[in-house]
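The numbers in the UniProt record's numbering rise by one with no breaks, and the one at position 55 of the first sequence is 55.
Heads up, the thing below is written out as structure tokens.
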Amino acid sequence: MADSATILHADLDAFYASVEQLLSPSLRGKPIAVGGGVVLAASYEAKAFGVRGGMPGRQARELCPQLIFVGGHFQEYQRLGDAAVKVIGDFTPLVERISIDEAFADVAGCTHLFGSPPEIARAIRQRVRAELGLPISVGVARTKHLAKVASQVAKPDGLVVVDPDTELEFLHHLPVELMWGVGPVTRARLAKIGVLTIGQLAKLPGRSLERLLGPAAGKKLAALAWNRDPREIRSHRRARSAGAQSAIGRKPAEARVIRPTLLHLADRIATRLRAKSRPGRTVTVRVRFADLRSVTRSVTLDAPIFATMILTELAEGLVRAIFADYPDEKTISLLAISVSHLEEHWDLELELPLGLRDEARRTGSRIGMARWAADRAVDKIRNRFGRDAIGYGSAALGLSRSVPDEFRKLAEKDL
DNA sequence: TCTGGGGTCCTAGGACCC
DNA sequence: TCTGGGGTCCTAGGACCC
1 MADSATILHA DLDAFYASVE QLLSPSLRGK PIAVGGGVVL AASYEAKAFG
51 VRGGMPGRQA RELCPQLIFV GGHFQEYQRL GDAAVKVIGD FTPLVERISI
101 DEAFADVAGC THLFGSPPEI ARAIRQRVRA ELGLPISVGV ARTKHLAKVA
151 SQVAKPDGLV VVDPDTELEF LHHLPVELMW GVGPVTRARL AKIGVLTIGQ
201 LAKLPGRSLE RLLGPAAGKK LAALAWNRDP REIRSHRRAR SAGAQSAIGR
251 KPAEARVIRP TLLHLADRIA TRLRAKSRPG RTVTVRVRFA DLRSVTRSVT
301 LDAPIFATMI LTELAEGLVR AIFADYPDEK TISLLAISVS HLEEHWDLEL
351 ELPLGLRDEA RRTGSRIGMA RWAADRAVDK IRNRFGRDAI GYGSAALGLS
401 RSVPDEFRKL AEKDL
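Take a look at the structure:
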């Protein structure tokens, strides 16, 4: 085997719950859940009862009556997640962060300084434990996919090194759902034809796999099953879209509900887009009805936008289009907005976004300009005095939120 | 009182262009 | 028996990831 195993995948165990147990020693060893109405994260002790993230709080309590709910320390999550990734960064600059609690790294270029990849993995685990007090699992392998599978196998608080000579022996006896890209639907489709392990999937003829799952997914899974994974560590990936959504229980599909919610969502998104000078051309809205079916509508503009009111009005128009197509739907349970086709960068100081100029031309007024100026003023005040100092906060709009905005921020990708 | 929130990628059909 | 064909963009829906 020409290549050696130099890819690491590091994954903090039950991250939010572990942080809570770190901050409150009395919670250690106990089943806890971060959240309330909905479980945002569960400790291993709670997972043993079947408690999972995203689960309604009531259902979690039924599964585990002694479950302890704790409010989240969201700033601590951000700080400790950043600190753990920084520990990895002390070994190599080739780090690809996947989320707040998970990252890949390639240590091929730093073994002369810090030892073999398994030694580096042990050092990372030891430092995260000693300096931050958190358990972290690490997988070491020749490819990203295998390193990721290895870290899953290593959990909780473990290290698994996959020798390049025994890759397929390691991989092929594992269940298919450990593969990247196999979720509940694919797992069920494979189970229907008797495929339960990655080895069974690997031996399936490529054609039947593609017929079952589509050409792209079929080819991808076949390659992964033989550990032919070409993906490289990419330390700087730009976001391709930015969005926000809000589950609102069951509410009548009326303007008094829809408009303030869309305004709040548009404000959150547009503020982020302006902060990074990345206006976008495509606006998509999603409406979920009471029975959880959901519908999307989108529009692609000639020029990119990031003004809060323009985004709000486009979103309102798209929602109206949905209800024109579904006149019998009277109750909604979720509204979402997403902006994609983002510009790489728009230099605000040199050029106004075209959307504003077009808008000004189209309406024969300077309303676009005025809106942009208003947005910038609001952004500045918020930068100085905080987000709630001015504007269309959810509190000001009288919205009920199932999830705090601080928690939402943790999932936001850098634009 | 059934089901959070922020993302990525793929597919299929249609419009449009050359 | 019928049909040109390839490329690109847009839209709607869906699977999946953390």
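Ideal Cβ positions, reconstructed from N, Cα and C, are used throughout, including at glycine.
message = Helix, strand or coil for Asp302? Go by DSSP, reduced to three states.
response = Strand, per DSSP.
request  = Output the distance between the C-alpha atoms of Ile367 and Leu311, rounded to the nearest integer angstrom.
outcome  = Because the pLDDT of Ile367 is 49, which lies under 50, any placement of that residue in the model is unreliable, and the question is left without a value.
query = What are the partner residues of Asp291, as DSSP defines its beta bridges?
reply = Bridge partners of Asp291: none, in fact.
Cβ neighbours of Asp379 in the same chain (closer than 8 Å, five flanking residues each side left out) = Contacts found: Thr271, Arg274, Ala275.
key: Unbroken stretches of the beta strand (DSSP E), 3 residues or longer, contained in the segment 82-151   = Scanning the segment 82-151 for uninterrupted beta strand (DSSP E) segments of 3 residues or longer gives 95-99, 102-106, 136-141, listed from N- to C-terminal end.
request  = Could you say which of Ser116, Ala130, Asp229 lies nearest to Leu168 if we only look at CA atoms?
outcome  = Per the Cα distances, Asp229.
ask   = DSSP on Glu20, reduced to helix/strand/coil?
value = Three-state DSSP puts Glu20 in a helix.
ask   = If Trp180 sits next to Leu224, beta carbons under 8 Å apart, how far is it from one beta carbon to the other, in whole angstroms?
value = Between Leu224 and Trp180 the Cβ distance is about 7 Å, and since that is below 8 Å, they are a contact.
task = Determine which residues share a DSSP beta bridge with Gly243 and list them.
result = Note: Gly243 sits in a beta bridge opposite Ser338.
task = Taking only the alpha-carbon atoms, compute the straight-line gap between Arg408 and Pro205 and give it to the nearest angstrom.
result = Answer to the nearest angstrom: the Cα atoms are 43 Å apart.
inquiry  = As a quick exercise: from Ala130, Leu262, Asp101, Lys219, pick the residue whose alpha carbon is nearest that of Leu318.
reply    = A check of alpha carbon separations from Leu318 across Ala130, Leu262, Asp101, Lys219 identifies Leu262 as the nearest.
query = Using CA coordinates, which residue listed in Ile248, Leu12, Glu406 is at the minimum distance from Arg127?
reply = The shortest Cα separation from Arg127 among Ile248, Leu12, Glu406 belongs to Leu12.
key: Asp375, buried or exposed, once every other Cβ within 10 Å from all chains shown has been counted against 16   = So Asp375 counts as buried.
C-alpha gap between His9 and Tyr16, whole angstroms = The C-alpha of His9 lies about 19 Å from the C-alpha of Tyr16.
message = Using DSSP's beta-bridge definition, name the partner residues of Thr197.
response = Beta bridge pairing from DSSP links Thr197 with Pro175.
request  = Give the DSSP-derived three-state secondary structure of Phe49 in the structure shown.
outcome  = Correct three-state label for Phe49: coil.
message = Counting beta carbon pairs with one atom in the segment 317-332 and one in the segment 245-265, are three or more of them shorter than 8 Å?
response = Taking 8 Å as the limit for Cβ pairs, the verdict is that the segment 317-332 does touch the segment 245-265.
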